[in-house]
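2 protein chains.
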Amino acid sequence: MKQKPRIIIIGAGNVASHLGNRLFEKGFQILQIFSRGKEKAKRLASKINADFTTDLNEINDKADLYIFAIPDDRIGAVAMQISQKTSLKQHLFVHTSGATPSIVFQSYFPRFGVFYPLQTFSISRIANFEEIPICIDANNEKDLELLEGIAANISPKAFRISDEDRAKLHVAAVFVNNFTNHLFHIGTQILEEEGLSFEMLKPLIKETVAKLDHQKAIEMQTGPAKRGDQTTISRHLEYLQKHPVYQDLYQKLSQSIQNEELGKKKSAS
Amino acid sequence: MKQKPRIIIIGAGNVASHLGNRLFEKGFQILQIFSRGKEKAKRLASKINADFTTDLNEINDKADLYIFAIPDDRIGAVAMQISQKTSLKQHLFVHTSGATPSIVFQSYFPRFGVFYPLQTFSISRIANFEEIPICIDANNEKDLELLEGIAANISPKAFRISDEDRAKLHVAAVFVNNFTNHLFHIGTQILEEEGLSFEMLKPLIKETVAKLDHQKAIEMQTGPAKRGDQTTISRHLEYLQKHPVYQDLYQKLSQSIQNEELGKKKSAS
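Sequences listed follow chains A and B, in order.
Throughout, the working numbering is defined as the position within the first sequence, counted from one, plus 33.
Throughout, the working numbering is defined as the position within the second sequence, counted from one, plus 33.
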């Protein structure tokens, strides 16, 4: 059997840890962890039987794949530094970012791509990779196949996604994850300042999401905006006067729901 | 053992059906269903061993509780009509609306209240009442106890909630259910017009919600707005130019997330 690709991970944060653990669990050899933070690098490295370094100049040149799992705005700078080490330059470099085009690597390396796990990771939670889509891309067919092989090893859901499509996926992800979470926060705020518990809303939230498995979101839209119930909308806006930002969001989101309703009626007539 | 309260349900839609079925399942006698739509009334009545009528003047006066499960804007008018029948006037009337104050009944009946199941119901889905909070209220202690007894029979989560608190709960519910669902729709739209599948985002959505059981929403906020990543935000806004309404929402929601971050920093300093 062919040996599994040996991997080096640049980064020791959330994504680096979850991905590193999963790769290790699936039998990949993680040669080395790089992080500027020694303790973080050491901790992750010791868990997955890897070496670690805090010095970019000491990055091992024996790996088949180098995964950047660092903040988006650091990818370019770190790539530039690494590319100055000639023995590394010809290797395959990928990043795990949803928002960053793969061509961030173009000026530094001849072989590059993306290995983007589409999930929100927390240090304190176990990531279920069986459910995590991995979006991969590379600038040549052979590397694409290599990445595909690795992705298929750690998740049943591996997809080839171009830079362009990944950018759109990321915009959509911001709406359904980051913005949704912010709405949960607003709900929490409204209740907590009245001494009510957010627990009361959890069954509603869970059902809203569970329904997605059976219906499209547009078909299960309910509420005052959808019904055109101006009395309730006005009452809610009045209540939200003490939270001008939330009030504005309420108005904008209601307006957007009503636009969709108008659109549906038009396309039906 | 004391006989369980006998109930009449005004309405035969989503809430009426789910609530009627649950009450019947728990051994309550549903005397009658009223709905203007004969087929709907008949269908629900036959399932829960009740009579039905399409005529408000024929509403039975032998029940202990009359539950209005009709659109918010019809509650007042139907209450007025019913109150003209003297034999009904002294009974207990409640509605199932999150948005409507109980005092909508005040001019018509001496005994009134609310029986509000905090959930989003669909005809096609089984409602899990074990998980549904029931918010009750009444204008006198005896009726409050009666409603509490009924609520406790159909759900382990029965709460006394005043009109004022229920209004706030409802505003919060609009944010976490109606608006969240709309964000899911926006995500769907963005992906579908690019030929990408919404399925890819479902694990992310499920994890966002699963995390709520362990962390407060504010603590698990991630994304470009939270990081202050202007490069990504600008790229996303540019992409959203073809959807001005979504673009505006993106901007407003990002701004609101950044406000919270500022607030956190201020309160920490």
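Don't be surprised by glycine CBs; every beta carbon is placed ideally from N, CA and C.
Report task. Name, please, each residue of chain E whose Cβ falls closer than 8 Å to the Cβ of Pro189 of chain A. Result -> In the structure shown, chain E does not exist; the protein chains are A and B.
**Report entry** Burial state of Gly220 of chain B (16 or more Cβ within 10 Å)
**Finding:** Gly220 of chain B counts as buried, since no fewer than 16 other beta carbons sit within 10 angstroms of its beta carbon.
Query raised in the report: So what's Asp88 of chain A in DSSP terms, helix, strand or just coil?
Result: Coil.
Query - Reduced DSSP category for Tyr99 of chain A - H, G, I as helix; E, B as strand; rest coil - result: Strand at Tyr99 of chain A.
Query raised in the report: Counting only beta-carbon atoms, is Tyr99 of chain B nearer than 8 Å to chain A?
Result: Judged by the 8 Å Cβ criterion, Tyr99 of chain B is not in contact with chain A.
Report task. From the DSSP output, read off the bridge partner residues of Gln62 of chain B. Result -> Gln62 of chain B pairs with B:Arg39.
Query raised in the report: Less than 8 Å separating the beta-carbons of Ala96 of chain B and Leu64 of chain B?
Result: In this structure, Leu64 of chain B lies closer than 8 Å to Ala96 of chain B by Cβ.
Report task. Report yes or no: is there a C-beta of chain B within less than 8 Å of the C-beta of Asn214 of chain A? Result -> At least one CB of chain B lies nearer than 8 Å to the CB of Asn214 of chain A.
Query raised in the report: Where DSSP assigns a beta bridge to Val147 of chain B, which residues make up the other side?
Result: According to DSSP, which records beta bridges pairwise, Val147 of chain B is partnered with B:His128, B:Asp170.
Query raised in the report: Per DSSP, Phe305 of chain A forms a beta bridge with which residues?
Result: The shown model of chain A, from 34 to 302, leaves out residue 305 of chain A, and the question about it has no answer.
Requested in this report: Can you grab the Cα-Cα spacing for the pair Gly70 of chain B / Ala78 of chain B, in whole Å?
Outcome: Gly70 of chain B and Ala78 of chain B have their C-alpha atoms roughly 12 Å apart.
Report task. Determine which residues share a DSSP beta bridge with Phe67 of chain B and list them. Result -> Paired residue(s): B:Ile43, B:Thr86.
**Report entry** Contacting positions in the segment 87 to 111 of chain B - beta carbon closer than 8 Å to chain A
**Finding:** Here the close residues are Pro104, Asp105, Asp106.
Report task. Return the CA-CA distance between Ile43 of chain B and Ser50 of chain B, expressed in angstroms with no decimal places. Result -> Going from the Cα of Ile43 of chain B to the Cα of Ser50 of chain B covers about 11 Å.
Report task. With 8 Å as the threshold, decide whether the Cβ of Lys297 of chain B is near any Cβ in chain A. Result -> For Lys297 of chain B, the answer is no, since every Cβ of chain A falls outside 8 Å of its Cβ.
Query raised in the report: Can you list, in chain order, the residues of its chain whose CB lies under 8 Å from that of Gly261 of chain B, leaving out five sequence neighbours each side?
Result: Taken in chain order, the residues that qualify are Gln291, Glu294.
Requested in this report: Check whether the Cβ atoms of Phe138 of chain B and Phe145 of chain B lie closer than 8 Å to each other.
Outcome: For the pair Phe138 of chain B and Phe145 of chain B, the CB atoms are nearer than the 8 Å cut-off.
Query raised in the report: For the segment 210 to 228 of chain A against the segment 249 to 256 of chain B, are there 3 or more C-beta pairs whose distance is under 8 Å?
Result: Three or more beta-carbon pairs drawn from the segment 210 to 228 of chain A and the segment 249 to 256 of chain B are found closer than 8 Å, and the two stretches are therefore classed as touching.
Query raised in the report: Does Arg158 of chain B come within less than 8 Å of chain A when only Cβ atoms are used?
Result: It does; some Cβ of chain A falls within 8 Å.
Query raised in the report: Would a check of beta-carbon distances place Asp196 of chain A closer than 8 Å to chain B?
Result: Under the Cβ criterion of 8 Å, Asp196 of chain A is not counted among the residues facing chain B.
Query raised in the report: Considering Lys239 of chain B, what are the terminal residues of the alpha helix (DSSP H) in which it resides?
Result: 235 to 243 is the extent of the alpha helix (DSSP H) around Lys239 of chain B.
Report task. Below 6 Å CB to CB, which residues in the same chain sit around Lys285 of chain B once its five sequence neighbours on both sides are set aside? Result -> Hits under 6 Å: none found.
**Report entry** For Phe154 of chain B, the three-state DSSP class (helix, strand or coil)
**Finding:** In the structure shown, Phe154 of chain B sits in coil (DSSP, three-state: anything other than H, G, I, E or B).
Query - is_contact[Gln36 of chain A, chain B] using C-beta, thresh 8 Å - result: Taking Cβ atoms only, chain B never reaches closer than 8 Å to Gln36 of chain A, which makes this a no.
Query raised in the report: Which residues bound the alpha helix (DSSP H) around Ala110 of chain A?
Result: Taken as a continuous stretch (DSSP letters only), the alpha helix (DSSP H) holding Ala110 of chain A covers 108 to 116.
Query raised in the report: Between the C-alpha atoms of Lys235 of chain A and Ala243 of chain A, what's the straight-line distance to the nearest angstrom?
Result: Taking the straight line joining both Cα atoms gives about 12 Å.
Query - Presumed contact (8 Å Cβ cut-off) between Asp89 of chain A and Gln114 of chain A, rounded CB distance - result: The residue you asked about is not Asp; residue 89 of chain A is Leu in the sequence shown. That belief holds up - the Cβ atoms of Leu89 of chain A and Gln114 of chain A are roughly 5 Å apart, short of 8 Å.
Query raised in the report: Looking at His247 of chain B and Arg107 of chain A, is the spacing between their C-beta atoms short of 8 Å?
Result: At least 8 Å separates the beta-carbon of Arg107 of chain A from that of His247 of chain B.
Query raised in the report: When DSSP labels each residue in this structure, what does Asp176 of chain B get in the three-state scheme?
Result: Of the three classes helix, strand and coil, the one that applies to Asp176 of chain B here is helix, per DSSP.
Query raised in the report: Should Met34 of chain B go down as buried or exposed, given a rule of 16 or more other Cβ atoms within 10 Å for buried?
Result: Only weak support is given to the placement of Met34 of chain B: the predicted model assigns it a pLDDT of 47, under 50, and the value that follows is read from those uncertain coordinates. Here Met34 of chain B is exposed: its Cβ has fewer than 16 other Cβ atoms, across all protein chains shown, within 10 Å.
Query raised in the report: At least one CB of chain B closer than 8 Å to the CB of Gln254 of chain A: is that the case?
Result: At a cut-off of 8 Å, the C-beta of Gln254 of chain A has a neighbouring C-beta in chain B.
Query - For His276 of chain B, three-class secondary structure by DSSP - result: Secondary structure of His276 of chain B (DSSP, three-state): coil.
Requested in this report: Keeping to the same chain, check which residues put their C-beta closer than 7 Å to that of Tyr304 of chain A; ignore five residues upstream and five downstream.
Outcome: Missing from the structure shown is residue 304 of chain A; chain A here goes from 34 to 302 and no further.
Requested in this report: Locate the alpha helix (DSSP H) running through Gln123 of chain B, then write down its first and last residues.
Outcome: First-last for Gln123 of chain B: undefined, no H or E at that position.
Query raised in the report: Who are the neighbours of His128 of chain A on chain B, taking C-beta pairs under 9 Å?
Result: None at all; the shortest Cβ gap to chain B is about 13 Å.
Query raised in the report: Where Cys168 of chain B and Phe208 of chain B are concerned, what is the direct C-alpha to C-alpha distance, given to the nearest angstrom?
Result: Looking at the backbone, the Cα of Cys168 of chain B and that of Phe208 of chain B are separated by about 18 Å.
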